[in-house]
Amino acid sequence: MFHLLLFHSLRADASRIWSTRHADSRDNSDDEWRSRGARMLKRFRRWSLSQTGWNSVALVILLSSTATAADSRETIQSDFHDGVPETECDRLAAHPDDKQRLASVTGIEKPSPESVTACLAAVESHPGSPRLTYQAGRAYDAVEDYENALAYYSKASELGSASATARLGWMYESGKGVAEDDVKALKLFIEAAEAGSVDGAESAGLSFQYGWGVEKNIDKAIHWYLQASTADAFLLMGDIYDDPASGVANRDVALKRYRKAFELGSLRAAVNLGNAYEQGDGVPQDYTEAMKFYVLAAAKLGDAANEIGDLYYYGKGVAQSYPEARRWFEQGAEAGHHGSMRNLGALYEYGKGVEKDTLKAIEWYRKAAENGSTGAMRDIGYLYLNGKGVPKDLTEASRWYIMAAEKGDDSAFNQLGWLRQTSTPPDYAAAMEWYKKGAEAGNRVAMSNVGLLYADGKGVKRNYKEALAWYRKAADAGDGRAMNEIGVLYHDEKGVRQNYREAGIWYEKAAAAGNTYANLNLAALFSRGQGVRKDTALAVDLAELAVQKSSVARDHLKAGWANWAPEFLKAFQQRLIDRGFYQGVVDGRYGKGTLAAIDAMHTADAD
1 MFHLLLFHSL RADASRIWST RHADSRDNSD DEWRSRGARM LKRFRRWSLS QTGWNSVALV
61 ILLSSTATAA DSRETIQSDF HDGVPETECD RLAAHPDDKQ RLASVTGIEK PSPESVTACL
121 AAVESHPGSP RLTYQAGRAY DAVEDYENAL AYYSKASELG SASATARLGW MYESGKGVAE
181 DDVKALKLFI EAAEAGSVDG AESAGLSFQY GWGVEKNIDK AIHWYLQAST ADAFLLMGDI
241 YDDPASGVAN RDVALKRYRK AFELGSLRAA VNLGNAYEQG DGVPQDYTEA MKFYVLAAAK
301 LGDAANEIGD LYYYGKGVAQ SYPEARRWFE QGAEAGHHGS MRNLGALYEY GKGVEKDTLK
361 AIEWYRKAAE NGSTGAMRDI GYLYLNGKGV PKDLTEASRW YIMAAEKGDD SAFNQLGWLR
421 QTSTPPDYAA AMEWYKKGAE AGNRVAMSNV GLLYADGKGV KRNYKEALAW YRKAADAGDG
481 RAMNEIGVLY HDEKGVRQNY REAGIWYEKA AAAGNTYANL NLAALFSRGQ GVRKDTALAV
541 DLAELAVQKS SVARDHLKAG WANWAPEFLK AFQQRLIDRG FYQGVVDGRY GKGTLAAIDA
601 MHTADAD
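Those letters in the sequence shown? Residues 1 to 607, per UniProt numbering, in order.
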């Protein structure tokens, strides 16, 4: 029966699902603050938004990375003066964004330890000054004495410091020096915002956006962001309008908000705008314009440097240059961007613009992994799994995949399933467990693999209907292999009524989704006229495409050639002659010469 040729196509490729792992440097951890990172944003972004917003590499990368606080909030300085003259406390602990900061003082992001003594002396001399009392709180905050910081912020708030009220809210929200209380925190943020604190307004917006201490309310989040009208606030509004799940998604509005954030100094917004131009998302695709935005941000943002490296790596809008890509990846890596570190690892692994050096590749992958890249963890796992440049070590490979899985990497779940499935002896029950974890995390290949185990009855009782349900989930997520497998079920009448036309529809969908093997299945239908018109010439074209791009299709055609129609077999031999791979007789019999020619066709044209 011909259907023997069709069973579970592309399964052999499952072990190589990461073959395009360097096509996009963005792994799960890059988007952690969006998908898993509401709490992370809560812990760290407030630090940036608060009056005690000192800089760090991590915050510069994760957050809006406004060029300078003074640039983006230059209008907040008021003519306020509480009658207290400038003191050493002002010089050591005033925040640049504090509305009550004296105009004669520039301000400082992070107070030095010496500021504690200076501010205590200032408060002792001027106990009713909200400005100095707030700055004393900042001084204690800087040395992580949260108990005293809380006391001074509370007193400053009572004296009328909106900045202190906002910072007090952050302490309640983060549980610093006091029991964590999101409800209390939001109350303080709103109080600070109503008193004119932009940090209070931004923080209130965040609370409503993410549902901290209150039910999520996007309209109220936008209200408070508009009141703040800072670079960060416009950036956050852009994120809301860019989020399909927000209920107000609008790409045009998102880009307008990002542009406003950029105009106010947000380098993160510059990267977002660069991404838009690079991808042609909401604007005409323009690599030159993308490059302009990336260059503006690259001096401070590692991911902007990484994006420039990508443009040079792929030759988008610039002359393709691995050395130039490496230079920008190195700049991104120096800024702490793990995607750049991972890309440097890839350059050394594959010898792109540098001498191939697997040990150096692993060194960069390890650095990326230490900085949170789950993709780099998988890369190391892959090298140990396949013994590339290191001794083959399945235990070590599994350890790295588990590290990535523990951080929620859906591809790592799937890979662990494959390791269990291909172990000696196979552990299909454990494989199914890992595949299902990957599927629950949204990995479409894992969904397809769950379907395969149900179809095969490996680790579970064979159930074609359950297999079909999982294939449909994977297909809905865009998995071409699952689409092909649905076609196989319809072709072989497994769990569904036999329907060659429906099988052909699914094979065509699979091929359009990039599953090159599906072209061989389509060729089989056209060669026999099953569910479609009989068209030997088209069948040959499709089979050639499959053989060129898929080693599995090549092997299946070689192994199952006797199941094909004689007319097709002769026509395909003629195609091999036309392509210069075969000089034998066109007789429909596939001996050593024809089989070698099929190998040559694959070798010459495979990716």
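For every residue, glycine included, the Cβ atom is placed at its ideal position computed from N, Cα and C.
Alpha-carbon spacing of residue i relative to residue j, whole angstroms
i	j	result
L168	L188	7 Å
Y146	K110	15 Å
A93	L132	9 Å
S398	M377	10 Å
E215	A254	23 Å
R472	V450	11 Å
T603	K356	23 Å
I402	L416	7 Å
Y225	A122	35 Å
E263	E289	16 Å
V248	E396	46 Å
Y590	K458	34 Å
P426	F208	49 Å
residue 608	L311	Here the chain has residues from 1 to 607 only, and residue 608 is not among them.
L576	Q530	25 Å
N148	K176	11 Å
L557	E406	41 Å
G107	D90	7 Å
A482	S448	5 Å
R420	A600	34 Å
D281	L120	54 Å
A565	R528	7 Å
Chain B within 9 Å of residue i, Cβ atoms only
i	result
Q573	In the structure shown, chain B cannot be found, because there is only a single protein chain.
Nearest candidate by alpha-carbon position, reference residue i, set the options
i	options	result
R257	D145, S229 and E355	S229
Y517	I308, R528, V488 and A477	V488
D199	D232, Q209 and K220	D232
M291	A319, D578 and Q548	A319
Q285	D303, V183, A304 and G317	G317
K260	L235, V283, A559 and A179	L235
E370	G588, G339 and Y382	G339
Y313	L186, Y277, G336 and Y350	Y350
D97	H126, S163, Y384 and S154	S163
Y490	Y435, G478, L525 and G372	L525
A553	A511, T117 and K570	A511
A446	F413, G478, Q421 and N463	F413
S129	Y152, V116, V143 and D141	Y152
Where residue i falls, given that 16 or more other Cβ within 10 Å makes a residue buried
i	result
E202	buried
A597	buried
A429	exposed
Y507	buried
S64	Legend: pLDDT at S64 = 43, less than 50; position of this residue unreliable, no value from coordinates given.
D409	buried
Reduced DSSP category for residue i - H, G, I as helix; E, B as strand; rest coil
i	result
S197	coil
S129	coil
F2	Any reading at F2 must be qualified, since the residue scores a pLDDT of 34, below 50, and its modelled position is unreliable; no value is offered.
S229	coil
S174	helix
S203	helix
S551	helix
S163	helix
S266	strand
S35	Confidence at S35 is low in this model, with a pLDDT of 37, below 50, so the placement of that residue is unreliable and no value is reported for it.
H337	coil
E493	coil
E109	coil
P85	coil
Q100	coil
N443	coil
N217	coil
G459	coil
Q320	coil
Y152	helix
residue 616	This structure gives no information on residue 616, because the portion of the chain shown stretches from 1 to 607.
Whole-Å CB distance - residue i paired with residue j, under 8 Å assumed
i	j	result
I190	A204	5 Å
Y367	Y348	In the sequence under discussion, the amino acid at residue 367 is Lys, which differs from the Tyr named in the question. Not quite, the Cβ-Cβ distance comes to about 12 Å (not below 8 Å), so this is no contact.
G504	V532	5 Å
D379	R342	7 Å
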